[in-house]
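Below: one structure, written as structure tokens.
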Amino acid sequence: MSSSTSNLPTGGLTPPADPGETTGGAAQAEVARSIVGEAALLGRYARRLTRSSADAADLTQDTLERALRGVQGFRPGSNLRAWLLTIMSRLFVDRCRKGKRETNRDPLDPDCLAAPASGDEAAPRWARLGEREVRVALSQLDSSFREPYELFAVEHLSYQAVAQRLRIPVGTVGTRLNRARLKLRALLERELEVDS
Amino acid sequence: VKVGCEALSPFADGQLDEPAALRFEQHLALCPQCARGLGEILVLDDLVARHADRPRRRAWRGPAAIGAVLLVAATVLLFLRRAPEARPEVLVASLVPSELRGSEARLSYGPADVHRPFAPLRGGARAAGGSVQVLGRIEETGDRRATAAAYFVLGMPAQAEVQLALLPESADVLSDRAAALLELGRGLDALALLERALRLQPGHRQASWNRALALRALGRRGEAGRAFLALAVSEGPGWAEEARAKARDLEP
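Top line first, the protein sequences correspond to chains A and B. Adding 2 to a residue's 1-based position in the first sequence gives its number in my numbering. Adding 1 to a residue's 1-based position in the second sequence gives its number in my numbering.
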């Protein structure tokens, strides 16, 4: 497999719709700095997907490389973490599609890194919403959904720990999280409409 | 048992057992809806984690974690600006566990010297799967210090020491060699290298840290305690607290 990266294109991401919104030199360096600064965050989410520290390190590395190569495609002012997490989930799905999760893979395989195999890497539109809108949406969630969801997503408790804290069966935690996310997404979409 | 769309949420949350998770990965490969949904779950969880009106757990936003990330970022960017391809520094940074560190000793190799709480891991257990591939890529770059750091981070201090012994002597190299020797239980040899490192560069941060560890390993508790107390004053967030705790443990 190739150990050289010289044949790789410098950008593997969907170009922004408006070229005027691309980042310039100094701004790109700033975004690159921010991208690398999110390595620890990406690592934590990668572990959730890969269930292995080693695979998580690989996935994080690939995500960082892919984002840094495509840094000019990031729209300033949009949600960087959402963009990175979207890239990471796409890379993970690509790995599943290629059946490479079970085999020794070369992370610099051009097919793996350069091609936007899943198409659009734009984060969901509601990812641009800020603290106020997110809190408004959360406040409209029934507490039986909001509580377990916040314990999981904000306090990072396991399903087991959430179940113990709220004295509900573990199976119920999964159901409530699922429902909480569905409802919250709908509420955020509504906030987006109100905003625009 | 077939695993379908209903398993997306528990899969994304890392809550499926391994056989079910592997079956869901097969489903994920074929289901565009779940493929899109997976990214949305991560983005939504992060959005809520950032903005919810609720205290977050320390591990996600402690000053030490932020400092650590900035340190990695600063080091890494120095090299990213030169060339877009994977640099050994980036690769080593990707091997460094973000929550805990497996060795008490410190490396002077920037991307690997990030403070995280110390938690001993069983040797060899860390060097699995993809990490070995990353290690191979680092070795291919011919950068011995990066290779040594990677071996060290992956819990293979003997291999790290071999790499470092081939490099010209400097305070950094001596200190990192001593870190590897400490891991191997060779406190006396480590101390000799650290004294040499500190003669070459008095006040060398990692060498000072490792020296305190070496003194403690050799049973020189009083000297070790004083060395850690000094580090509690001179070191930054994370390291200072750890040094203070270690000094406390050494009090008679």
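Glycine is no exception: its CB is placed at the ideal position from the N, C-alpha and C atoms. What you are looking at is a predicted structure, and each value in this text was computed from that prediction instead of being measured.
Determine, for residue i, whether the minimum Cβ-Cβ distance to residues of chain B falls below 8 angstroms.
i      : result
A:G75  : no
A:A19  : Since pLDDT at A:A19 reaches only 36, below the 50 mark, its modelled position is unreliable, and the value read off the structure follows with that caveat. False, the Cβ-Cβ gap to chain B never drops below 8 angstroms.
A:P118 : Model confidence at A:P118 stands at a pLDDT of 40, short of 50, so the residue's coordinates are unreliable; what they give is reported in the following sentence. So, not an interface residue.
A:D144 : no
A:Q63  : yes
A:F147 : no
A:S55  : yes
A:R137 : yes
A:P202 : Beyond the ends of chain A as shown, which are 3 and 198, falls residue 202 of chain A; an answer cannot be given.
A:P126 : yes
A:D60  : yes
A:L194 : no
A:A165 : no
A:A188 : no
A:L88  : The amino acid occupying residue 88 of chain A in the given sequence is Thr; Leu does not appear at that position. With 8 angstroms as the cut-off, A:T88 counts as an interface residue toward chain B.
A:R99  : yes
Which residues does DSSP pair with residue i in a beta bridge?
i      : result
B:A102 : According to the sequence as given, residue 102 of chain B is Arg; it is not Ala. Paired residues: B:F119.
Measure the alpha-carbon distance for residue i versus residue j and round it to whole angstroms.
i      : j      : result
A:E191 : A:E135 : 10 angstroms
B:A150 : A:A182 : 43 angstroms
B:L96  : B:L155 : 8 angstroms
B:A246 : B:A208 : 19 angstroms
B:G188 : B:G220 : 10 angstroms
B:R197 : A:A31  : 39 angstroms
B:S176 : A:A42  : 26 angstroms
B:S109 : A:L194 : 48 angstroms
B:L185 : A:T177 : 48 angstroms
B:F49  : A:R127 : Checking the sequence, you will find Val at residue 49 of chain B rather than Phe. About 15 angstroms.
B:I42  : A:E40  : 18 angstroms
B:A172 : B:H52  : 45 angstroms
A:Q74  : B:A147 : 29 angstroms
A:S198 : A:A124 : 19 angstroms
A:Q63  : B:P253 : 46 angstroms
B:E243 : B:P118 : 8 angstroms
A:E207 : B:L39  : Residue 207 of chain A lies beyond the stretch modelled for chain A, which goes from 3 to 198, so this question has no answer here.
B:P238 : B:V91  : 23 angstroms
B:A191 : B:A248 : 20 angstroms
B:S235 : B:R206 : 9 angstroms
Would residue i count as contacting chain A if we go by Cβ distances under 8 angstroms?
i      : result
B:S104 : no
B:V49  : yes
B:E26  : yes
B:A21  : no
B:A53  : yes
B:L43  : yes
B:P238 : no
B:Q34  : no
B:L207 : Here residue 207 of chain B turns out to be Gln, not Leu, going by the sequence shown. No, B:Q207 lies away from the interface with chain A (no Cβ there is under 8 angstroms from its Cβ).
B:A13  : yes
B:L101 : no
B:L136 : no
B:Q16  : yes
B:P112 : no
B:L199 : no
B:A151 : no
B:V4   : no
B:S10  : yes
B:L108 : no
Cutting at 7 angstroms between CB atoms, please list the residues of its own chain near residue i, excluding the five before and the five after it.
i      : result
B:R214 : According to the sequence displayed, residue 214 of chain B carries Leu and not Arg. Hits under 7 angstroms: E105, A106 and L183.
A:L70  : A34 and I37
A:K185 : L143 and F147
A:A179 : Rather than Ala, the amino acid found at residue 179 of chain A in this sequence is Leu. P150, Y151 and F154, listed in sequence order.
B:C32  : C6
Mind listing the chain D neighbours of residue i? Cutoff is C-beta to C-beta under 7 angstroms, in chain order.
i     : result
A:S91 : The structure shown contains no chain D; its protein chains are A and B.
Leaving aside the five residues before and after residue i along the sequence, list all residues of the same chain whose C-beta is less than 8 angstroms from its C-beta, in chain order.
i      : result
B:Q34  : C6
A:A163 : L153
For residue i, which residues of its own chain have a beta-carbon under 6 angstroms away from its beta-carbon, when the five flanking residues on both sides are left out?
i      : result
B:L251 : R222, A225 and G226
B:Q27  : none
B:A241 : A233
A:I89  : T65, R68, A69 and E123
A:R130 : S80 and N81
B:A218 : G188
Q. Is there contact here, the segment 181 to 192 of chain B with the segment 201 to 209 of chain B, by at least three beta-carbon pairs under 8 angstroms?
A. no
Q. Do the segment 82 to 102 of chain A and the segment 52 to 61 of chain A make contact, defined as three or more Cβ pairs closer than 8 angstroms?
A. yes
Q.
Quick test of the definition: if touching needs 3 or more C-beta pairs under 8 angstroms, does the segment 67 to 86 of chain A touch the segment 18 to 38 of chain B?
A. no
Q) Using 8 angstroms as the Cβ pair cut-off and three pairs as the minimum, do the segment 222 to 242 of chain B and the segment 135 to 144 of chain B touch? A) no
Q.
With three or more C-beta pairs closer than 8 angstroms as the rule, is the segment 157 to 167 of chain B touching the segment 114 to 121 of chain B?
A. no
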